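First comes the structure, then the notes that go with it.
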Amino acid sequence: MNKEWIPNINIGQDYDKAYQDATIHFDVLGRMADFFGRDMPMHLHAEYCQIHLILSGKTLFNIDQNVFKAEDCAAFYTPPATPHAFLTEPTAPGYVITIHSSHLQKIMVELNKYSNQESLLMPFCIDKQKASETDNVYWEQLLNLFKMLKAEWGNSSLYQQNSIESIVKLIFINMLRLSGEEHPKKQHSQNEILCFREFSTLIEKYFLKEKQIQFYCQQLNINESRLNYLCKKITGVSPKKMINNRILLEAKRLLTHTNKNLTEISYTLGYIDPSYFSRFFIKHANISPSEFRKHHRTEPT
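Take any residue in the sequence shown, count from 1 to its spot, add 505: that is its number in my numbering.
The structure is reproduced here in structure tokens:
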């Protein structure tokens, strides 16, 4: 195995299968630490970003060759497809939020209406010990938001998903307010990671219309073999499978959360022939769209 290979961890598949197709996953740090360990070696989440909130204790966080150290309460933001490793004290309390890149893109679009939030493509750390008097207000809000998210996550009330998404958006807003402009610069030694990250962003933008690898290669100005090499090196899967996985995820959401029939869903996903969409779904989900809807149906809100 190439010594530069960095393992890709999918929280829904490798840790909590109950949330395999979820756009947001929330957990307490202790539970995840029992599974992965407190001294987590270098890894990445190809299609997910993460927010770690450490409430106390010393923390060492390495994100994309940027080393962050904290002595007490701190929060760390890791963009999608960004290699990171961390070490926390054995009993340090905290929380971890894992967010799919599709939902991150949605938040960025909403926040870009008011300011440029390309900063969410780069890692950063906020340290409570370094907070000013003004910042302390945002820190209190941030800590309360995590408490609200924890309570909402354990709930099954009406509009739960809407509430979770709103809280996560507010968490991002408070973290951006606290982060200021001192974001790490791009690492030129991470060209492969940056190219892969751009590919992931392009998928999110064009997957409904563009399903051929050649389109993405043209946008990235690289050949297909190079893109195939990058994707397999970083995630272990081909670029075609990444595109198909994103289409499949959207199909599952439409089947679960909308009233659209199979023909409408097929058209939404860019398939003119509904029978082709059905064959695609069966091939990649091992179940028909109708059967999947029957087992996962929720009333749209």
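Even for Gly, the Cβ is constructed at its ideal location relative to N, Cα and C. Quantities reported herein were computed from a predicted structural model and do not represent experimental measurements.
Spatial neighbours of residue i within its chain, please: CB distance less than 7 Å, with the 5 preceding and 5 following residues excluded, ordered by chain position.
i      : result
Leu754 : Asp526
Met836 : Only positions 506 to 806 of the chain appear in this structure, which leaves residue 836 out of reach.
Leu558 : Ala580, Gly599, Tyr600, Phe651
Ser607 : Thr528, Glu709
Gly741 : Asn513
Ala790 : Leu753, Phe797
Please state whether DSSP places residue i in a helix, a strand or coil.
i      : result
Val742 : coil
Thr706 : helix
Leu753 : helix
Asn667 : helix
Leu774 : coil
Asp544 : strand
Ala586 : coil
Met680 : helix
Lys652 : helix
Tyr524 : helix
Ser637 : coil
Thr768 : helix
Leu732 : helix
Ala597 : coil
His693 : Interpretation of His693 is limited by its pLDDT of 33, a score under 50 that renders its predicted location unreliable; the figure taken from the coordinates is listed afterwards. In the structure shown, His693 sits in a helix (DSSP, three-state: H, G or I).
Phe712 : coil
Ser793 : coil
Met627 : coil
Nearest to residue i by CA position, among the options, is which residue?
i      : options                        : result
Phe786 : Glu769, Asn749, His800         : Asn749
Cys811 : Leu654, Ile669, Phe677         : Only positions 506 to 806 of the chain appear in the structure, and residue 811 is not among them; the question remains open.
Thr773 : Pro744, Glu715, His801         : Glu715
Met613 : Ile669, Val673, Met653         : Val673
Thr564 : Pro585, Leu534, Gly775         : Leu534
Ile529 : Pro744, Arg536, Leu683, Ser668 : Ser668
His800 : Thr761, Ser780, Leu767, Glu769 : Thr761
Tyr582 : Asp521, Asp532, Thr639, Ser684 : Ser684
Trp644 : Leu560, Ile516, Arg758         : Leu560
Have a look at the DSSP bridge pairing and note the partners of residue i.
i      : result
Ala579 : Ile559, Asp632
Cys554 : Ile604
Leu565 : Lys574, Leu592
Phe531 : Ile602
Thr549 : In the sequence under discussion, the amino acid at residue 549 is Leu, which differs from the Thr named in the question. Beta-bridge pairing links Leu549 to Asn513.
Looking only at its chain, what residues have a beta carbon closer than 6 Å to the beta carbon of residue i, apart from the 5 residues adjacent to it on each side?
i      : result
Lys691 : Bear in mind that a pLDDT of 42 at Lys691, under 50, signals an unreliable position, so the model cannot answer this.
Ser694 : Low local confidence applies: a pLDDT of 41 at Ser694 is under 50, so the model's placement there is unreliable, and no value is given.
Ser793 : Ile787
Leu609 : Cys554
Out of curiosity, what's the CA-to-CA distance linking residue i and residue j?
i      : j      : result
Cys722 : Leu675 : 36 Å
Ile718 : Ile604 : 25 Å
Glu697 : Met653 : 38 Å
Glu729 : Gln555 : 29 Å
Glu594 : Met680 : 23 Å
Gly775 : Asp577 : 49 Å
Lys788 : Ile752 : 13 Å
Glu687 : Glu796 : Note that Glu687 has pLDDT 46, beneath the 50 cutoff, so the model's placement of it is unreliable and the number below is only indicative. Their backbone Cα atoms lie some 50 Å apart in a straight line.
Glu769 : Phe712 : 17 Å
Asn617 : Lys611 : 10 Å
Phe573 : Tyr734 : 30 Å
Val642 : Gln634 : 13 Å
Arg731 : Leu549 : 20 Å
Leu663 : Tyr524 : 19 Å
Among the residues of its own chain, which have a CB less than 8 Å from the CB of residue i, if the five just before and after it don't count?
i      : result
Asp778 : Ser771
Tyr520 : Ile514, Met537, Phe540, Phe541
Lys737 : Ser743
Ser705 : Ala551, Glu552, Pro585, Ala586, Ser606, Met747
Say the cut is 7 Å; is the CB of residue i nearer than that to a heavy atom of the ligand FAD?
i      : result
Tyr524 : In the structure shown, the ligand FAD is absent, as is every other ligand, since no ligand is present at all.
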